[in-house]
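**Q** Heads up, the sequence shown is in the working numbering, so the first residue is 29 and it goes up one at a time.
The C-beta atom is built at its ideal place from N, Cα and C for all residues, glycine as well.
Note that the coordinates shown come from a computational prediction; the quantities given were computed from them, not determined experimentally.
Mind having a look at this structure? Questions to follow.
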Amino acid sequence: MKKRVIFSLLAILILVLAACSSAPAPTTAPAAESSGGSEAAPAESAASEAPAVATEAPAAEGGGAMTPQKGGSVTVVYKDDLATLDPAIGYDWTNWPTIKMVFDGLLDYDDSTNVTPRLAESLPEISPDATVYTFKLRQGVKFQNGREVTADDVVYTMTRVLDPKTGSPGAGFYVGIKGAQDFIDGKATSVEGIKKLDDYTVEFTLSQADVTFLNKMALNFAFIVPKEEVEKAGENFGHAPVGTGPFKLKEWQPGQYLVFERNPDYFYEGLPYLDQVRIEVGVEPDVALLRLEKGEIQLMGDPPPGADWARISADPAWANRIEREPQVSTIYIAINTTAPPFDNLKVRQALNHAIDKPRIIQLSNGRGTVANQILPPLMPGYDTSYQGYEYDPEKAKALLAEAGFPDGFETSIECISVEPQPKLCESFQQDLAKVGIKLTINTLAAPNVIEDAGNGKTPLTWSGGLAWIQDYPDPDDFYAPILGCDSNVPGGWNWSRYCNEEIHKQSLELLAMTDRAKRMEAYKPLFKALMDDAVWVPVFNGEYTIAHAENFHGVPTFTHPEHLFRYETMWLAQ
C-alpha cells in the first residue's frame, strides 16, 4: 500500500482523484515524499513526539462545502458473501474494506497514499542502514474486548501471519524480516527479527534494506489481533473478529447479512460518523440498483451493470449519486504456467495475441483502458514505450502450430458469476475459438475462484471482479505477491504458479535500492521479461464506478486508492 519514508503516489493520483483534504489522521504526521521527486535515503529516525489526533471533521466532497454529520444507519449490498474478516486471511476487494472496519494496524494511509501512524504513536525510528525499525505504540488503546493493546500483540500478530498453519496469503510480504524463512521452514520457533523491547515498543530487523517495508506494515495483514480471541474462536475467528477498529461486528448471518455498530470506545477521536452499517449479500447488481433507486439502500458494493451504467452515467439526475475514479489496477487472464499445454511458452504467447482487448472495453461500457503490460499506467515504473502483444489471430495460430497444436486444444477458464464477468469470458471464448482453442467457462462465487486459482486447480483464471489493485504504490506490489517465487505457494495469489529465480533475485536487489529514478528504470526490463514469458494476458486497467444515495457521502470521496471503501469516513446527511 504505500511507503512513508521513501515516496508516495500522491503526485500522480492528485491528477486523477478528487481534491484530497486532510483525512482524520494524526495532524502532525510527516507527509511522505511525493512520487514526483527523487527517492530519499531512509531517515535515521522518525519523529519521536506522539502526534495529536485530529479533532476537526474532514471536509466532505465538493471542497468542504458540507460538514460530516454524526449518526445514522446505512445498508450496503454485494452479490457475493464475504469469506472472512480475519486480517491474516482476507485478501480481496470485498473483504479488505470490511476488515478495516474492525481492525487497525500500526500504520495506515491518509486520504491519498501517505503513510501515517495509527496504533503506533509516531512513524518508526529507522536505523541508518534501513534494516531496523522501532515502533512505539499508543498507550491506552483497547481491543473491543476491553484489553489494552501491547507490544506482545504486535509480535503475536506478525508471527501468526508468517506461521504456515495460518495459511496467510500475505506471508510473502514479510519474509524479508530476519529469521522469517527459518520460522516458516520449521527451523526456529520464533522470528528472530520481531522483538518486544518493552510493553509499548516493538523492533523489526530486516535481512536487507527494503524501501517498501512501511507500506507492508500498513497492509491489512499487519492489522493487530488479540491472541486470546484468536485462540478462543479458532478457525472461526474470521467470523467472530475482535480488533481495535471503528466498528464492532454485531451479527453475521452467512449468505444473508452482516451488521456492524459504532465502537463507542474507538481511540481515534471523532470517528466513525455512522452508528451502524448493514452489509447484505446475495443481491444481484441489477436488483441492488433498483433498491438504490427506491431508497432502500445507500451504497452498491458491486459496480452497476453495464446497461444500467450507460443509462445512469448520462442522466443529470444521477450526477450526485455516482462516483467514477481510476483504479491503480490491471485486470488479466492468469495462465497456470505449470499446467499443460500452458507450460509451453509459445502457447502462452499465442493466447496473448488471440485476445481482442478493445472489445472487452466496449463490453464494459468504456469503464477502463486497454492494458499492454503488467503494471498499470498510474503505477511508478510503468513503461510508456512498451507496446506489448498486438491482437493478431493469425500470429496466434502460427505460434500454436509451432508449439505442436496446429488444430488447437481444449481448456477451461474460471470467472466470478457477477456480471459482466461471465459476458467477458464469453468474449474470450469467441476469440480463442477463432484460433482453434475450445474454451469451457466455469462461473463460480468469488471465494471459490480465489481458492481454485490459488491452489492451481484451473488452467486459466479471469481476474475480472478480483482485479489486482495496488496494495501499495510501488512496482514491487505487482511482482512479489502475485508473480514472485515467495508467493508461488498453495493458497497464494500467484495464480500463474510462476517462479523465475533470476527475476526473483533482481527483485530483491531492487528493494534495497534507494535511488528512486534508477530503481524505477530498473523495473522496466524486469517486467518486460515477465511479459516475454507471457505469464499473464493483461486485458485492461480498471476504474471504480460507485453508485450511492444522494444523501450519503464519503470523505473526501467514497473510494480510496488503497482501501477502496473507508466506512469510518462515510456519513449520512440527516
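Would you mind giving the Cβ-Cβ distance between Lys170 and Thr272, rounded to the nearest angstrom? I have them listed as a contact below 8 angstroms.
**A** Position 142 of the sequence shown, counting from 1, holds the residue named residue 170. Position 244 of the sequence shown, counting from 1, holds the residue named residue 272. That belief holds up - the Cβ atoms of Lys170 and Thr272 are roughly 7 angstroms apart, short of 8 angstroms.
**Q** Identify whether Arg544 lies in helix, strand or coil by the three-state DSSP scheme.
**A** By one-based count along the sequence shown, residue 544 stands at place 516. Three-state DSSP puts Arg544 in a helix.
**Q** Counting beta carbon pairs with one atom in the stretch 329-347 and one in the stretch 531-542, are three or more of them shorter than 8 angstroms?
**A** no
**Q** Under the rule that 16 or more other beta-carbon atoms within 10 Å means buried, what is Ala335, buried or exposed?
**A** Here residue 335 refers to the residue found at position 307 when the sequence shown is read from its first residue. Counting Cβ neighbours within 10 Å, Ala335 comes out exposed, since fewer than 16 surround it.
**Q** Measuring straight from C-alpha to C-alpha, what distance separates Gln304 and Val270?
**A** Position 276 of the sequence shown, counted from the first residue, corresponds to residue 304. Position 242 of the sequence shown, counted from the first residue, corresponds to residue 270. Those two C-alpha atoms are separated by around 17 angstroms.
**Q** Between Lys556 and chain E, is the shortest Cβ-Cβ distance under 8 angstroms, so that the two count as touching?
**A** Although the question refers to chain E, the structure presented lacks it and comprises just one protein chain.
**Q** Are there 16 or more other CB atoms within 10 angstroms of the CB of Pro292, so buried, or fewer, so exposed?
**A** Within the sequence shown, numbered from 1, the residue matching residue 292 stands at position 264. Exposed: under 16 other Cβ atoms inside 10 Å.
**Q** My output table needs one value for Glu351: the three-state DSSP class, helix, strand or coil.
**A** Against the sequence shown, residue 351 aligns to sequence position 323. Glu351 falls in the strand class under three-state DSSP.
**Q** Using a threshold of 8 angstroms, state whether the C-beta atoms of Gln281 and Gly570 are closer than that.
**A** Taking the sequence shown and counting its residues from 1, the one referred to as residue 281 is at position 253. Taking the sequence shown and counting its residues from 1, the one referred to as residue 570 is at position 542. No, the pair does not count as a contact, with Cβ atoms beyond the cut-off.
**Q** For Pro503, does the three-state DSSP call read helix, strand or coil?
**A** Your numbering for residue 503 matches position 475 in the sequence shown. If DSSP states are grouped into helix, strand and coil, Pro503 belongs with the helices.
**Q** Here's the rule I'm using: 16 or more other beta-carbon atoms within 10 Å means buried, otherwise exposed. How should Ala57 be labelled?
**A** To locate residue 57, count along the sequence shown from 1; it is residue 29. Caution applies to Ala57, whose pLDDT of 30 falls short of 50 and renders its modelled position unreliable; the value that the coordinates give is listed next. It counts as buried.
**Q** Going by Cα to Cα distance, which pick from Val463, Ala473, Ala601 and Asn522 is closest to His576?
**A** In the sequence shown, counting from the first residue as 1, residue 576 sits at position 548. Closest by alpha carbon: Ala601.
**Q** Look at the Cβ atom of Pro96, then the Cβ atom of Val583, and state whether they are nearer than 8 angstroms.
**A** Working through the sequence shown from its first residue, we reach residue 96 at position 68. Working through the sequence shown from its first residue, we reach residue 583 at position 555. In contact: Pro96 and Val583 (Cβ atoms closer than 8 angstroms).
**Q** Give the C-beta separation of Val565 and Tyr419 to the nearest angstrom, bearing in mind that I take them to be a contact with Cβ-Cβ under 8 angstroms.
**A** As a working mapping, residue 565 is identified with position 537 in the sequence shown. As a working mapping, residue 419 is identified with position 391 in the sequence shown. Contact flag wrong, Cβ pair sits at about 11 angstroms.
**Q** Using the Cβ count rule (16 or more neighbours within 10 Å means buried), how would you classify Leu406?
**A** In the sequence shown, counting from the first residue as 1, residue 406 sits at position 378. With 16 or more other Cβ atoms within 10 Å, it is buried.
**Q** Helix, strand or coil: how does DSSP classify Ala575 here?
**A** Numbered from 1 along the sequence shown, position 547 holds the residue referred to as residue 575. Three-state DSSP puts Ala575 in a strand.
**Q** In angstroms with no decimal places, state the Cα-to-Cα distance between Leu225 and Thr233.
**A** The residue labelled residue 225 in the question sits at position 197 within the sequence shown. The residue labelled residue 233 in the question sits at position 205 within the sequence shown. Computed Cα separation, rounded: 12 angstroms.
**Q** Drop a sphere of 10 angstroms on the beta-carbon of Asp238, count the other beta-carbons inside from all chains shown, and report buried for 16 or more, exposed for fewer.
**A** Locating residue 238 in the sequence shown gives position 210, counting from the first residue. In this structure Asp238 is buried. Its beta-carbon is surrounded by 16 or more other beta-carbon atoms within 10 angstroms.
**Q** Any contact of the stretch 149-157 with the stretch 173-183, i.e. 3+ C-beta pairs under 8 angstroms?
**A** no
**Q** For my contact list, Gly133 and Trp124 are in at a C-beta cut-off of 8 angstroms; report their separation, rounded to the angstrom.
**A** For the purposes of this step, residue 133 is taken as the residue at position 105 of the sequence shown. For the purposes of this step, residue 124 is taken as the residue at position 96 of the sequence shown. So it is not a contact: roughly 12 angstroms between Cβ atoms.
**Q** Under the rule that 16 or more other beta-carbon atoms within 10 Å means buried, what is Gln236, buried or exposed?
**A** By 1-based counting over the sequence shown, the position of residue 236 is 208. Exposed, because fewer than 16 other Cβ atoms sit within 10 Å of the Cβ of Gln236.
**Q** If distances are taken between C-alpha atoms only, which option among Gly198, Leu317 and Ser455 comes closest to Ile383?
**A** Counting from one through the sequence shown, the residue named residue 383 turns up at place 355. Comparing Cα positions, the closest option is Ser455.
**Q** Drop a sphere of 10 angstroms on the beta-carbon of Asn522, count the other beta-carbons inside from all chains shown, and report buried for 16 or more, exposed for fewer.
**A** Taking the sequence shown and counting its residues from 1, one reaches residue 522 at position 494. Asn522 comes out buried.
**Q** Look up Cys443 in the DSSP assignment and say whether it is helix, strand or coil.
**A** Counting from one through the sequence shown, the residue named residue 443 turns up at place 415. Per DSSP, reduced to three states, the secondary structure at Cys443 is strand.
**Q** Return the CA-CA distance between Gln326 and Val287, expressed in angstroms with no decimal places.
**A** Here residue 326 refers to the residue found at position 298 of the sequence shown. Here residue 287 refers to the residue found at position 259 of the sequence shown. As the crow flies, the alpha-carbon of Gln326 is around 15 angstroms from that of Val287.
**Q** Among the residues of its own chain, which have a CB less than 6 angstroms from the CB of Ile497, if the five just before and after it don't count?
**A** Within the sequence shown, numbered from 1, the residue matching residue 497 stands at position 469. Once the five neighbours on either side are set aside, the close Cβ partners of Ile497 are Gln355 and Ser357.
**Q** Would the stretch 587-598 and the stretch 135-144 be scored as touching if the rule is three or more Cβ pairs under 8 angstroms?
**A** Contact holds: three or more Cβ-Cβ distances are below 8 angstroms.
**Q** Which residues bound the beta strand (DSSP E) around Ile307?
**A** For the purposes of this step, residue 307 is taken as residue 279 along the sequence shown, with counting starting at 1. Unbroken beta strand (DSSP E) run through Ile307: Gln304 to Glu308.
**Q** Tell me whether Ala399 sits in a helix, a strand or coil according to DSSP, three-state version.
**A** What you label residue 399 is simply residue 371 of the sequence shown in a count that begins at 1. It is coil, neither helix nor strand.
**Q** In the DSSP assignment, find the beta strand (DSSP E) that holds Trp564 and state where it starts and stops.
**A** On the sequence shown, position 536 is the one that residue 564 refers to. Bounds of the beta strand (DSSP E) holding Trp564 are Trp564 to Asn569.
**Q** From which residue to which residue does the beta strand (DSSP E) around Lys466 run?
**A** The count along the sequence shown starts at 1 and reaches residue 466 at position 438. Looking at the DSSP string, the run of the beta strand (DSSP E) that includes Lys466 is Ile465 to Leu472.
**Q** Among Asp213, Met94, Thr439 and Thr229, which one has its Cα closest to the Cα of Ser160?
**A** Your numbering for residue 160 matches position 132 in the sequence shown. According to the sequence as given, residue 160 is Val; it is not Ser. Answer by Cα proximity: Thr229.
**Q** Starting from Asp136, trace the beta strand (DSSP E) in both directions and tell me its first and last residue.
**A** Taking the sequence shown and counting its residues from 1, one reaches residue 136 at position 108. Start and end: Leu135 to Tyr137.
**Q** So who's on the other strand from Tyr360, going by DSSP bridges?
**A** Numbered from its first residue, the sequence shown carries residue 360 at position 332. The partner list for Tyr360 (beta bridge, DSSP) reads Pro566.
**Q** So, are the CB atoms of Ile441 and Thr489 less than 8 angstroms apart?
**A** As a position in the sequence shown, residue 441 is number 413, starting the count at 1. As a position in the sequence shown, residue 489 is number 461, starting the count at 1. Contact: yes.
**Q** Using DSSP with H/G/I as helix, E/B as strand and the rest coil, what is Leu428?
**A** What you label residue 428 is simply residue 400 of the sequence shown in a count that begins at 1. Three-state DSSP puts Leu428 in a helix.
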